[in-house]
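Enquirer:
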Amino acid sequence: MRLGTVPSPLWGGSLRSSGVGVRHRPPPGPSVQRPHKGEVEARRLSSRLDAGRQRRHPGEGQRESLAVCMSIRNMQTWRPTSAVSGGIIMAAVDAVQRASGRGIWGWMFFDWAAQPFFTVVTTFIFGPYFVSRMASDPVSGQAAWGYGIAVAGLVIAVLSPILGSIADQTGPRKPWIAFFASIKIISLCLLWFAAPGSNLFLVVLFFSLASVAAEFSTVFNDSMMPRLVPKSEIGHVSNIAWGLGYLGGMIALIFVVACLAGSLETGKTIIGIDPLFGLDPKLGEDARATGPLSAGWYFLFILPMFFFTPDAIKGIPIGPAVREGLSELKSTLTEVRRRKGIFRFLIARMIYQDGVNALLALGGTFAAAMFHWSITEIGMFGIILNVVAIVGCLVAAWLDTALGSKTIVMISLVLLSIATIGIVSTGPGYTLFGAWMMPGADSGGLFGTAAEKAYIFYGLLIGLAFGPVQASSRSYMARSVTAAESGRYFGIYALAGRATSFLAPFMVASITLASGSARLGMAAIVLFLGVGIAILSWTPYPADQPVE
334 MRLGTVPSPL WGGSLRSSGV GVRHRPPPGP SVQRPHKGEV EARRLSSRLD
384 AGRQRRHPGE GQRESLAVCM SIRNMQTWRP TSAVSGGIIM AAVDAVQRAS
434 GRGIWGWMFF DWAAQPFFTV VTTFIFGPYF VSRMASDPVS GQAAWGYGIA
484 VAGLVIAVLS PILGSIADQT GPRKPWIAFF ASIKIISLCL LWFAAPGSNL
534 FLVVLFFSLA SVAAEFSTVF NDSMMPRLVP KSEIGHVSNI AWGLGYLGGM
584 IALIFVVACL AGSLETGKTI IGIDPLFGLD PKLGEDARAT GPLSAGWYFL
634 FILPMFFFTP DAIKGIPIGP AVREGLSELK STLTEVRRRK GIFRFLIARM
684 IYQDGVNALL ALGGTFAAAM FHWSITEIGM FGIILNVVAI VGCLVAAWLD
734 TALGSKTIVM ISLVLLSIAT IGIVSTGPGY TLFGAWMMPG ADSGGLFGTA
784 AEKAYIFYGL LIGLAFGPVQ ASSRSYMARS VTAAESGRYF GIYALAGRAT
834 SFLAPFMVAS ITLASGSARL GMAAIVLFLG VGIAILSWTP YPADQPVE
């Protein structure tokens, strides 16, 4: 049966109705019925919704739309009897999921703001500096760094779903983001004091606090996404935001490599200048400066999200919210086990994301220790990966809409598995576990040996896949839940990403210590990626669909 349309009093368009078109005026005669009071209420709410859409400030219209939906939800004794009133309700719900352009860009700029911490601190500059220069030897350095990541992951796993459920009760996410942003900024600034010979425990503590705060802020930011755009656009927006984050991380990394990171031999940066601000490479000040740099970048670029992105309406006070949130979390944990598709997706992500996190956190330190790369070489490696990652996210933004989030995640995991096998099979003078022997002569330039160039090739596969696997996992989840339950389910989503996140770094660190081989320790990552692929292949898409 064809779908008719009726003109909408809300924005001059049309609303879909099932069956024949609906007339504007009731026919004359005794058959005319007085409208149900619920019909009158629906029309009154449509006027409120229309007024909300005319508000000049983006947040005001969003709050008005949310209030309308809350009122509709409370109309429990009435069900829509016409296409007009039913369309009003659907339009109201749809309006909640349409933010202004500035609001969406403000939300996407959160990824731009947050990424330099992961790029220049965790992966490419400060982390390798900690392993290769702060610790007495690379093996103990990688173990200490891995245990720090594991402890942070355990804290995140325990508290993320609790905080997400509480946030669903209090309503707005921005106060939570502001609180944890303060912790992250302070912790990053304290990394400046991580001079060679400093107390490793305190340095790992500051880094772990920054990691925990960064992840909690991400949980609340991600939970805002279902309220901003329709589900059909979530994959596109999520991948664009992730690509924007990698662009921001790459710009910060280029700045560090070109202007801050000096050679230990010459004291000059890669462009031949003295490090800015008088930084001394021999004291590790070029690497230590990445903490305050990432803190300042984060503070500056999260402001558009606070200014322009609409937030949820205010809920209940924090005291009752904690009680209600804990009760809601308990019921959600019971509920998610009944929603078998979502439960299976969360289990799959729990396993494969553990492998992804370990690969991103330890891949740079592994290369630095194996090839004795300088900060400049590690930074150039990071720039190459970020350029490829941006391209990967832009391509995935289109493919996610065309093929679906699940397909993108599966392809990305296969590429990451191949890349991980490649990097652990590579060493000075060989790759593929010695099946391909290479000349060991060093040309003297960046990545001067053939084995280093092979490592770069495997790194390109990582760069191509590690953005889309995370962005499309986020859109996979967002397409599987409603806006009203997004906070608690994204809290559990973070739990799934962190519940065992201590396990892969713990296994890598423990195998490394027990065997004395960082290569053997890194090989454990392949196991996590493979098991995740196997479970995800049997998961429906979207995950709220029935399990076959």
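The sequence shown lines up with residues 334 to 881 when you count with this note's numbering. Glycine included, every Cβ here is placed at the ideal spot set by N, Cα and C.
Look up T623 in the DSSP assignment and say whether it is helix, strand or coil.
Expert: Helix, per DSSP.
Enquirer: Do the segment 484-501 and the segment 568-583 make contact, defined as three or more Cβ pairs closer than 8 Å?
Expert: They do not touch, by the three-pair rule.
Enquirer: Compare the beta carbon distance of A446 and I584 with 8 Å and say whether it is the shorter of the two.
Expert: No.
Enquirer: Counting C-beta neighbours from all protein chains within 10 Å, is the total for E548 16 or more, i.e. buried, or is it exposed?
Expert: The residue in question, E548, is buried, as its Cβ has 16 or more Cβ neighbours within 10 Å.
Enquirer: Can you tell me where the alpha helix (DSSP H) with K601 in it begins and where it stops?
Expert: Element bounds for K601: n/a, residue is neither H nor E.
Enquirer: Thinking C-beta only, is F539 closer than 8 Å to S520?
Expert: Contact: yes.
Enquirer: Mark L633 as exposed unless 16 or more other C-beta atoms lie within 10 angstroms of its C-beta, in which case mark it buried.
Expert: Answer is exposed; the Cβ neighbour count stays below 16.
Enquirer: Suppose you measure from the CA of A851 to the CA of G796; what does that come to, to the nearest Å?
Expert: So the two alpha carbons sit approximately 21 Å from each other.
Enquirer: With a threshold of 7 Å on Cβ separation, who are the neighbours of L836 within its own chain once the five nearest residues in sequence on each side are excluded?
Expert: For L836, where only same-chain residues beyond five positions count, the Cβ hits under 7 Å are D687.
Enquirer: So, helix, strand or coil for T764, using DSSP?
Expert: The answer is strand: DSSP assigns T764 an E or B state.
Enquirer: Going along the chain, which residues of its own chain have a beta-carbon closer than 8 Å to the beta-carbon of R389, five neighbours each way excluded?
Expert: Caution applies to R389, whose pLDDT of 39 falls short of 50 and renders its modelled position unreliable; the value that the coordinates give is listed next. Taken in chain order, the list of residues that qualify is empty.
Enquirer: Could you check how far apart the C-beta atoms of A514 and Y631 are, in whole angstroms? I think they sit under 8 Å.
Expert: Right, their Cβ atoms sit about 7 Å apart.
Enquirer: For F839, which residues from the same chain have a beta carbon less than 8 Å from its beta carbon, with the 5 sequence-adjacent residues on both sides left out?
Expert: These residues qualify, in order along the chain: G479, Y480, A483.
Enquirer: Starting from W769, follow its DSSP beta bridges and name the residues at the other end.
Expert: Looking at the DSSP assignment, W769 forms a beta bridge with T764.
Enquirer: What residue range is occupied by the uninterrupted alpha helix (DSSP H) comprising A446?
Expert: From DSSP, the alpha helix (DSSP H) with A446 extends over 434-449.
Enquirer: In chain order, what residues of the same chain lie with their CB nearer than 6 Å to the CB of V864, ignoring the 5 residues before and after it?
Expert: Correct list, in chain order: I684.
Enquirer: For I458, which three-state DSSP category applies?
Expert: It is coil, neither helix nor strand.
Enquirer: Would you check if the distance between the CB atom of T665 and the CB atom of S541 is smaller than 8 Å?
Expert: No, Cβ-Cβ distance for T665 and S541 is not below 8 Å.
Enquirer: Just confirm the distance between the C-beta atoms of E494 and I825, as a whole number of angstroms; I'd bet it's less than 8 Å.
Expert: The question names Glu, yet the displayed sequence has Pro at residue 494. Correct: roughly 5 Å between the Cβ atoms.
Enquirer: Anyone know if the C-beta pair for F442 and M713 falls short of 8 Å?
Expert: Against a cut-off of 8 Å, the Cβ pair of M713 and F442 comes out as no contact.
Enquirer: Under a three-way DSSP split, which group does I635 fall into?
Expert: The answer is coil: DSSP assigns I635 none of H, G, I, E or B.
Enquirer: Excluding the 5 residues flanking G576 on each side, which residues of the same chain have their C-beta closer than 6 Å to its C-beta?
Expert: Hits under 6 Å: I723, C726, L727.
Enquirer: Return the Cβ separation of Q878 and G652 in integer angstroms, given the expectation that the two are a contact with Cβ distance under 8 Å.
Expert: No, Q878 and G652 are not in contact; Cβ-Cβ is about 38 Å, not under 8 Å.
Enquirer: Taking 8 Å as the cut-off, does the segment 451-468 touch the segment 691-702 (at least 3 CB pairs, one atom from each stretch)?
Expert: Contact between the segment 691-702 and the segment 451-468 is present, because at least three Cβ pairs lie under 8 Å.
Enquirer: Over what stretch of residues does the alpha helix (DSSP H) that includes L538 continue unbroken?
Expert: Here the alpha helix (DSSP H) through L538 covers 533-556.
Enquirer: Does the Cβ of K615 have 16 or more other Cβ atoms within 10 Å, making it buried, or fewer, making it exposed?
Expert: When all chains shown are included, K615 counts as exposed.
Enquirer: How big is the Cα-Cα spacing for A574 and P449?
Expert: Taking the straight line from one Cα to the other gives about 14 Å.
Enquirer: Please confirm if the segment 785-800 is in contact with the segment 748-759, defined as three or more CB-CB distances below 8 Å between the two stretches.
Expert: Taking 8 Å as the limit for Cβ pairs, the verdict is that the segment 748-759 does touch the segment 785-800.
Enquirer: Using a Cβ distance threshold of 8 Å, determine whether the segment 602-616 contacts the segment 468-478, with at least three qualifying pairs required.
Expert: The answer is no - the segment 468-478 does not touch the segment 602-616, with fewer than three Cβ pairs under 8 Å.
Enquirer: Touch check for the segment 587-594 and the segment 698-712: three-plus C-beta pairs under 8 Å?
Expert: Yes, the segment 587-594 touches the segment 698-712.
Enquirer: Please state the DSSP three-state secondary structure of I606.
Expert: I606: coil per DSSP, three-state reduction.
Enquirer: Considering just the uninterrupted stretch of the alpha helix (DSSP H) at V453, what are its terminal residues?
Expert: That residue, V453, is in no alpha helix (DSSP H); it is neither H nor E in DSSP.
Enquirer: Find the nearest neighbour of V721 within the set L793, I741, L659, judged by alpha-carbon distance.
Expert: Comparing Cα-Cα distances from V721 to each of L793, I741, L659, the minimum goes to L793.
Enquirer: Give me the Cβ distance between M743 and I866, rounded to the nearest whole Å; I'm assuming they're in contact under 8 Å.
Expert: Indeed they touch by this definition, with Cβ atoms about 7 Å apart.
Enquirer: At the level of alpha carbons, what is the spacing between P563 and S660?
Expert: Distance between the alpha carbons of P563 and S660 is about 29 Å.
Enquirer: Using the rule of at least 16 other Cβ atoms within 10 Å of the residue's Cβ for burial, across every protein chain shown, is R546 buried or exposed?
Expert: Just to set this straight, residue 546 is Ala in the shown sequence, not Arg. It counts as buried.
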